[in-house]
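Asker: My questions all concern the structure below.
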Amino acid sequence: MVQKISSDGAPLHKSTTISVAVSGRNGHSMISEYDQKKGSSRTELADLVIVKYKCESNGVPLKLTNGSTLPLVPGSSKEAEEGEGYNPFAHRVLEHPTTGIINSFLVLDLLGCCCVYIVFVAENLKQVVDTKAGVDWDLRFYMIMILPFLLLVNLVRNLKYLAPFSMVANIFIGCGMGITFYYIFDDLPPVSSQPQFSSWHQLPLFFGTAIFALEGIGVVMPLENNMKTPQHFIGCPSVLNIGMFFVVLLYTGVGFFGYLKYGALTEPSITLNLPRHLPLAQSVKIMIAVAIFLTYALQFYVPMEIIWKNTKHRFTSHPIAAEYAIRISLVCLTMAIAILIPNLGPFISLVGAVCLSFLGMIFPAFIELVTYWERPGLGRMNWRLWKNLFIIGFGILGFATGAYCSLLEIYETFGQVKHR
1 MVQKISSDGA PLHKSTTISV AVSGRNGHSM ISEYDQKKGS SRTELADLVI VKYKCESNGV
61 PLKLTNGSTL PLVPGSSKEA EEGEGYNPFA HRVLEHPTTG IINSFLVLDL LGCCCVYIVF
121 VAENLKQVVD TKAGVDWDLR FYMIMILPFL LLVNLVRNLK YLAPFSMVAN IFIGCGMGIT
181 FYYIFDDLPP VSSQPQFSSW HQLPLFFGTA IFALEGIGVV MPLENNMKTP QHFIGCPSVL
241 NIGMFFVVLL YTGVGFFGYL KYGALTEPSI TLNLPRHLPL AQSVKIMIAV AIFLTYALQF
301 YVPMEIIWKN TKHRFTSHPI AAEYAIRISL VCLTMAIAIL IPNLGPFISL VGAVCLSFLG
361 MIFPAFIELV TYWERPGLGR MNWRLWKNLF IIGFGILGFA TGAYCSLLEI YETFGQVKHR
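In full-length UniProt numbering, the protein residues as written are 1 to 420.
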């Protein structure tokens, strides 16, 4: 019997778990744990036990806790029993190919959203400045104009200093949306005035644009992990369901009433349809542009963290300078892509179709299948299997058609520019 002991050799009185190691019939070492509080025991194979530790940033365990979980330790139980030079913590980090794939899609998605943000901000600024100054400058000029400010904001490395930006952006977006609805509902035409269906050709573009609303997919799990009561995040009702209800309601309301108001003339961003010569409408465009500009830094933080985590071991001599160089390079990269593809509508659809169809539909369905395959199983008549296969198939179809139609429209836009 093994009793947990602290670093100074004294027993830990707060521990309520007693572990016993025995040898099973098949030669595998087994661990049986008895919980004095619950009055129950649990027996598992030693090479399948997940041990919970609280670790420093260098991966060295400090004490047993209910915090982060230690990944499964590779190797046979014989190595553990012999104990000859075997260190389980040397095998702590286990890489899996799916981790790299999902992280890559997250980086592509969030950097793609940053490119869309640049085009969005430039479009709104162009309408206001061109109207006030009586000029017609190229959209790319406005993108280059905001580049120094983007670089300055994205040199902030600590997330807590970006939190006030989020608060200001939320206030501006709330005020802007309220004024936008005021203009939309002013002299709103009847539903019969607009066609109830556009065209089959527009459906793939709609898929990419609609799924672009899932751009926050990368913060779902971190949000749950940092909640005081994570069990309230999912379920019915839950934080996720209630939050998504209002998000879907807002997107549906803006899309439905915006199209009912402006019809075929509806712009990729509804703020671009607001009157150009009215000060109140211009203030909306300025507020939304500033809000999206500030949101860029928050959206940029996650891909930068992923990239830096996987590259910082190459820059041990000057890590701070290297991180700043990577930040500047990534901001300039998103600016270059936005300058190359300044068409907001197809760009949004392309990012949604390529990245978010995988992150929002294909990968979650596949992970659920793998997780539930043996226990609790696929359900009656394999309903869980058919459900996820349908979601995966729908995601692949949306990805293929949405990406094709978006690229085709971007190509046609370049052709029109050349003919000019």
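The C-beta atom is built at its ideal place from N, Cα and C for all residues, glycine as well.
Could you check what DSSP says for Val119 in three-state terms: helix, strand or coil?
Answerer: Helix, per DSSP.
Asker: To the nearest angstrom, how far is it from the Cα of Gln282 to the Cα of Ala133?
Answerer: Approximately 13 Å between the Cα atoms of the pair.
Asker: Given this structure, state the Cα-to-Cα distance separating Phe105 from Leu359, to the nearest angstrom.
Answerer: So the two alpha carbons sit approximately 7 Å from each other.
Asker: Can you tell me the Cβ-Cβ gap for Cys332 and Leu205, rounded? I've got them flagged as a contact below 8 Å.
Answerer: That pair is no contact at about 29 Å.
Asker: What would DSSP say about Lys228, mapped onto helix, strand or coil?
Answerer: Here Lys228 sits in coil by DSSP.
Asker: Quick one: is Ile348 buried, meaning 16 or more other Cβ sit within 10 Å of its Cβ, or exposed?
Answerer: Ile348 is buried by the Cβ-count criterion.
Asker: Cα separation between Glu409 and Pro195?
Answerer: One C-alpha to the other measures close to 22 Å.
Asker: Hey, how far is the Cα of Thr271 from the Cα of Thr180?
Answerer: When rounded, the distance between both Cα atoms is 7 Å.
Asker: Report yes or no: do the region 293-311 and the region 230-245 share at least 3 C-beta pairs separated by less than 8 Å?
Answerer: Because the criterion of three Cβ pairs below 8 Å is not met, the region 293-311 and the region 230-245 do not touch.
Asker: Who are the Cβ neighbours of Met361 in its own chain at under 8 Å, not counting the five residues just before and after it?
Answerer: Around Met361: Ile211, Ile391, Ile392, Phe394, Gly395, Gly398.
Asker: From the DSSP output, in three-state form, read off Cys236 for me.
Answerer: Cys236: coil per DSSP, three-state reduction.
Asker: Counting pairs of beta carbons, one from the region 181-189 and one from the region 253-271, are three or more of them closer than 8 Å?
Answerer: The region 181-189, when compared against the region 253-271, does touch it at the 8 Å Cβ threshold.
Asker: Contact defined as beta carbons within less than 8 Å: I believe Glu368 pairs with Asn382. What is the distance between those atoms, to the nearest angstrom?
Answerer: With a Cβ gap of about 13 Å, Glu368 and Asn382 do not count as contacting.
Asker: Could you check how far apart the C-beta atoms of Leu125 and Ala289 are, in whole angstroms? I think they sit under 8 Å.
Answerer: So it is a contact: roughly 6 Å between Cβ atoms.
Asker: Ile146 to Pro279, Cα distance in whole Å?
Answerer: Near 22 Å, if we compare the C-alpha coordinates of Pro279 and Ile146.
Asker: Quick one: grab the DSSP three-state call for Gly360.
Answerer: Helix, per DSSP.
Asker: If you run the structure through DSSP and keep just helix, strand and coil, what is Val107?
Answerer: Of the three classes helix, strand and coil, the one that applies to Val107 here is helix, per DSSP.
Asker: Does the distance from the C-beta atom of Met335 to that of Phe172 stay below 9 Å?
Answerer: Not in contact: Met335 and Phe172 (Cβ atoms no closer than 9 Å).
Asker: Using a Cβ-Cβ distance under 9 Å, would Leu240 count as near chain D?
Answerer: Structure shown: chain D not included; a single protein chain is present.
Asker: Which same chain residues end up closer than 6 Å to Ile337 when comparing Cβ atoms and leaving out the 5 residues on each side of it in sequence?
Answerer: Excluding residues within five positions, the ones whose Cβ falls inside 6 Å are Cys115.
Asker: From Thr401, Arg375, Gly352, Arg276, pick the residue whose C-alpha is nearest to that of Thr131; which is it?
Answerer: Of Thr401, Arg375, Gly352, Arg276, the residue nearest in Cα terms is Arg276.
Asker: Assign Phe207 to one of two classes, buried (16 or more other C-beta atoms within 10 Å of its C-beta) or exposed (fewer than that).
Answerer: Phe207 is buried by the Cβ-count criterion.
Asker: Under a three-way DSSP split, which group does Ser406 fall into?
Answerer: The answer is helix: DSSP assigns Ser406 an H, G or I state.
Asker: How should Asn343 be labelled, buried or exposed, when 16 other C-beta atoms within 10 angstroms of its C-beta is the threshold for buried?
Answerer: The residue is buried, with at least 16 neighbouring Cβ atoms inside 10 Å.
Asker: Buried or exposed for Gly178, going by 16 or more other Cβ atoms inside 10 Å?
Answerer: Exposed, by the Cβ-count rule.
Asker: Look up Asp130 in the DSSP assignment and say whether it is helix, strand or coil.
Answerer: Asp130: helix per DSSP, three-state reduction.
Asker: Would DSSP call Asn388 helix, strand or coil?
Answerer: Helix.
Asker: Assign Asn154 to one of two classes, buried (16 or more other C-beta atoms within 10 Å of its C-beta) or exposed (fewer than that).
Answerer: Buried: at least 16 other Cβ atoms inside 10 Å.
Asker: Measuring straight from C-alpha to C-alpha, what distance separates Ile328 and Leu151?
Answerer: Spanning the two alpha carbons is a distance of roughly 6 Å.
Asker: Could you spell out where the alpha helix (DSSP H) holding Gln202 opens and where it closes?
Answerer: Counting along the chain, the alpha helix (DSSP H) containing Gln202 begins and ends at 202-211.
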